[in-house]
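Colleague: Below is a structure I'd like to ask you about.
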Amino acid sequence: MKRVSLTQYLVEEQRLHQNIPAELRLLIEVVARACKTISHAVGKGALGDVMGSADTENIQGEVQKKLDIISNEILLEANEWGGHLAAMASEEMETVHQIPNRYPRGEYMLVFDPLDGSSNIDVNVSIGTIFSVLKAPEGMKEPSEAAFLQPGRQQVAAGYAIYGPQTVFVLTTGHGVNCFTLDRELGAWVLTHRNMRIPESTKEYAINASNARHWHAPVQRYVNEMLAGKTGPRGKDFNTRWIASMVADVHRIMSRGGIFMYPADMRDTSMPGKLRLMYEANPMAFIVEQAGGAATDGRQRIMDIQPHKLHQRVPVFLGSKEEVELVTSYHLQADAAG
Ligand code: AHM
Ligand code: MG
0 MKRVSLTQYL VEEQRLHQNI PAELRLLIEV VARACKTISH AVGKGALGDV MGSADTENIQ
60 GEVQKKLDII SNEILLEANE WGGHLAAMAS EEMETVHQIP NRYPRGEYML VFDPLDGSSN
120 IDVNVSIGTI FSVLKAPEGM KEPSEAAFLQ PGRQQVAAGY AIYGPQTVFV LTTGHGVNCF
180 TLDRELGAWV LTHRNMRIPE STKEYAINAS NARHWHAPVQ RYVNEMLAGK TGPRGKDFNT
240 RWIASMVADV HRIMSRGGIF MYPADMRDTS MPGKLRLMYE ANPMAFIVEQ AGGAATDGRQ
300 RIMDIQPHKL HQRVPVFLGS KEEVELVTSY HLQADAAG
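Written out as structure tokens, the structure reads:
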């Protein structure tokens with residue numbers, strides 16, 4: 000079978016849909032190349048000086064791992080010089096990263112979580128990179144934080160890479176979702192899964208159940224009904240999976256269906272959930288919707304949320320459509336009942 004490379008795929012998509020101009024193609028290729036470099040660093044493990052904590056904290060107050068910082072640097076350096084970006088923002092940086100003056104600026108803005116699932120780094124479980132591409136407001140040379148605060152439906156591309164048993168790169172530019180596998184001998188991305196589709200129904204769900212006692216009533220109801228299994232209101236048995244790497248949990252759902260949840264809970268109302276809207280929830284929502292799934296914050300479509308802060312957190316329910324619709328309806332019913 001003839002192998003299709005990432006570059007060939009991008010060129011052919013542009014011919015078909017006129018949605019990947021040269022600058023965007025360069026951006027996607029540069030991000031994919033940076034992901035190869037991160038994959039290499041991750042793969043070194045204890046043989047490289049990459050494991051453990053960096054003893055610093057990011058803006059979210061989380062202790063950074065060395066690989067969080069290395070991955071952030073790799074993505075920044077790779078994307079500075081190409082002239083395709085107006086600015087970048089990342090989970091690991093408090094404010095917007097401007098393109099140095101010595102380089103030309105482009106019309107796109109890149110937002111990323113350089114290494115998602117950080118708690119899994121040191122235990123050799125799958126981790127990944129998540130990214131989202133937005134357009135800079137017309138004529139804006141040095142985009143401020145406000146320029147990034149666009150609802151997810153305005154994303155022009157989104158994707159993730161997973162550093163697992165295989166390294167894969169999953170991408171959408173608004174015409175379905177495609178998956179590329181890294182050929183480690185050649186260092187090349189090869190198209191391996193065309194037009195990924197999430198099954199509408201599922202028997203698998205992902206949630207960190209250690210937080211169950213803090214959940215709000217609609218989440219309690221939804222999960223309890225699944226736990227009741229065949230003899231409960233759902234009339235079927237469900238299975239749980241929780242990897243604690245959103246990339247890996249989402250990739251399982253992209254491959255065989257399921258629902259992923261990281262709800263807000265009753266502990267701290269100033270912190271609605273754990274995951275961040277701009278570089279975790281929005282890109283994943285775009286990918287999941289493009290694969291026929293759904294993504295809400297329990298009440299509304301994630302991609303319709305108007306962000307008000309770069310590092311804003313949001314409750315996340317995403318995956319197989321029937322399940323996301325059901326848990327969303329439980330929230331709306333509870334709201335209506337007061
Ligand atoms: P991170 O970006 O700091 O790695 O945090 C996000 C991760 C997600 O990948 C994952 O779904 C979640 O945190 C796991 O959280 P928990 O440890 O509470 O189960
Ligand atoms: Mg993350």
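The numbering of the sequence shown is numbering that gives the first Met the number 0, which starts it at 0 and goes up by one. Beta carbons are placed, not taken as given, at the ideal position from N, Cα and C, and that holds for glycine. All values derive from a computational prediction rather than experimental measurement.
#1: Considering just the uninterrupted stretch of the alpha helix (DSSP H) at residue 285, what are its terminal residues?
#2: Please determine whether the Cβ atom of residue 274 lies at a distance below 7 Å from any heavy atom of the ligand AHM.
#3: Under the assumption that residue 197 contacts residue 265 (Cβ atoms under 8 Å), give the Cβ distance between them as a whole number of angstroms.
#4: If contact is defined by three or more beta carbon pairs under 8 Å, each pair taking one atom from either stretch, is the region 45-62 in contact with the region 128-135?
#5: Span of the beta strand (DSSP E) holding residue 203?
#6: Give the list of continuous alpha helix (DSSP H) stretches no shorter than 4 residues that lie fully inside the region 134-177.
#7: With residue 206 and residue 260 assumed to form a contact (beta carbons below 8 Å), what rounded beta-carbon distance in angstroms separates them?
#8: Let me know if residue 93 comes out buried or exposed under the rule of 16 or more other beta-carbons within 10 Å of its beta-carbon.
#9: Reducing DSSP to helix, strand and coil, say where residue 96 ends up.
#10: Are there any heavy atoms of the ligand AHM lying less than 7 Å away from the beta-carbon of residue 228, as far as the coordinates show?
#11: Measuring from each Cβ to the nearest heavy atom of the ligand AHM, keep the ones under 5 Å and list them in chain order.
#12: Here's the rule I'm using: 16 or more other beta-carbon atoms within 10 Å means buried, otherwise exposed. How should residue 103 be labelled?
#13: Just the C-alpha distance for residue 322 and residue 329, rounded to the nearest angstrom, thanks.
#14: Among the residues of its own chain, which have a CB less than 7 Å from the CB of residue 124, if the five just before and after it don't count?
#15: Report the three-state DSSP secondary structure of residue 293 (helix, strand or coil).
#16: Mapping DSSP to helix, strand and coil, what is residue 260?
#17: Where residue 132 and residue 185 are concerned, what is the direct C-alpha to C-alpha distance, given to the nearest angstrom?
#18: Would you check if the region 149-158 and the region 271-288 touch, i.e. whether three or more CB-CB distances between them fall below 8 Å?
#19: In angstroms, rounded to a whole number, what distance separates the CA positions of residue 65 and residue 24?
#20: Measure the beta-carbon distance from residue 175 to residue 13 and round it to whole angstroms, keeping in mind my assumption that it falls under 8 Å.
#21: Spell out the partners DSSP gives residue 238 in its beta bridges.
#22: Taking all protein chains shown into account, decide if residue 232 is buried (16 or more other Cβ within 10 angstroms of its Cβ) or exposed.
#23: Here's the rule I'm using: 16 or more other beta-carbon atoms within 10 Å means buried, otherwise exposed. How should residue 9 be labelled?
#24: From this set, 331, 15 and 272, which residue's C-alpha is nearest residue 315's C-alpha?
#25: Which residue marks the beginning of the beta strand (DSSP E) containing residue 190, and which one marks its end?
#26: For residue 122, collect the residues of the same chain with a Cβ closer than 8 Å to its Cβ; drop the 5 residues on either side in sequence, then sort them by chain order.
#27: Compute the distance between the beta-carbons of residue 181 and residue 38, then report whether it is under 8 Å.
#28: Hey, how far is the Cα of residue 21 from the Cα of residue 110?
Modeller: Straight from the coordinates:
#1: Along the sequence shown, read from residue 1 onward, the residue named residue 285 stands at position 286. Following the DSSP letters along the chain, one finds residue 285 inside the alpha helix (DSSP H) bounded by residues 281-289.
#2: By one-based count along the sequence shown, residue 274 stands at place 275. Correct: residue 274 has its Cβ closer than 7 Å to the ligand AHM.
#3: For the purposes of this step, residue 197 is taken as the residue at position 198 of the sequence shown. For the purposes of this step, residue 265 is taken as the residue at position 266 of the sequence shown. For a cut-off of 8 Å, the C-beta gap from residue 197 to residue 265 is around 30 Å, too long to register as a contact.
#4: no
#5: Within the sequence shown, the letter at position 204 stands for residue 203. Per DSSP, residue 203 belongs to the beta strand (DSSP E) from 203-205.
#6: 144-147
#7: Mapped onto the sequence shown, residue 206 falls at position 207. Mapped onto the sequence shown, residue 260 falls at position 261. Yes, residue 206 and residue 260 are in contact; Cβ-Cβ is about 4 Å, under 8 Å.
#8: Residue mapping note: residue 93 aligns to position 94 of the sequence shown, counting from 1. Label assigned to residue 93: exposed.
#9: For the purposes of this step, residue 96 is taken as residue 97 along the sequence shown, with counting starting at 1. In the structure shown, residue 96 sits in a strand (DSSP, three-state: E or B).
#10: Residue mapping note: residue 228 aligns to position 229 of the sequence shown, counting from 1. No, the Cβ of residue 228 stays beyond 7 Å of every heavy atom of the ligand AHM.
#11: 115, 116, 117, 207, 243, 244 and 245
#12: Stepping through the sequence shown from its first residue, residue 103 is reached at position 104. When all chains shown are included, residue 103 counts as exposed.
#13: Numbered from its first residue, the sequence shown carries residue 322 at position 323. Numbered from its first residue, the sequence shown carries residue 329 at position 330. Those two C-alpha atoms are separated by around 11 Å.
#14: Residue mapping note: residue 124 aligns to position 125 of the sequence shown, counting from 1. 242 and 244.
#15: For the purposes of this step, residue 293 is identified with residue 294 of the sequence shown, where counting begins at 1. Here residue 293 sits in strand by DSSP.
#16: For the purposes of this step, residue 260 is taken as the residue at position 261 of the sequence shown. Note: residue 260 maps to strand in three-state DSSP.
#17: Within the sequence shown, numbered from 1, the residue matching residue 132 stands at position 133. Within the sequence shown, numbered from 1, the residue matching residue 185 stands at position 186. Going from the Cα of residue 132 to the Cα of residue 185 covers about 27 Å.
#18: yes
#19: The count along the sequence shown starts at 1 and reaches residue 65 at position 66. The count along the sequence shown starts at 1 and reaches residue 24 at position 25. Cα to Cα, the separation comes out at about 30 Å.
#20: The residue given as residue 175 occupies position 176 in the sequence shown. The residue given as residue 13 occupies position 14 in the sequence shown. At roughly 15 Å, the Cβ-Cβ gap does not stay under 8 Å, so residue 175 and residue 13 are not in contact.
#21: Along the sequence shown, one-based indexing puts residue 238 at 239. Answer by DSSP bridge pairing, in chain order: 203.
#22: For the purposes of this step, residue 232 is taken as residue 233 along the sequence shown, with counting starting at 1. Exposure of residue 232 is indicated by the presence of fewer than 16 other C-beta atoms within 10 angstroms of its C-beta.
#23: The residue you call residue 9 lines up with position 10 of the sequence shown. Residue 9 comes out buried.
#24: For the purposes of this step, residue 315 is taken as the residue at position 316 of the sequence shown. Among 331, 15 and 272, the Cα nearest to that of residue 315 belongs to 272.
#25: Your numbering for residue 190 matches position 191 in the sequence shown. Run containing residue 190: 187-192, per the beta strand (DSSP E) assignment.
#26: Locating residue 122 in the sequence shown gives position 123, counting from the first residue. Once the five neighbours on either side are set aside, residue 122 has no close Cβ partner at all.
#27: Stepping through the sequence shown from its first residue, residue 181 is reached at position 182. Stepping through the sequence shown from its first residue, residue 38 is reached at position 39. A contact, by the Cβ cut-off of 8 Å.
#28: In the sequence shown, counting from the first residue as 1, residue 21 sits at position 22. In the sequence shown, counting from the first residue as 1, residue 110 sits at position 111. Distance between the alpha carbons of residue 21 and residue 110: 19 Å.
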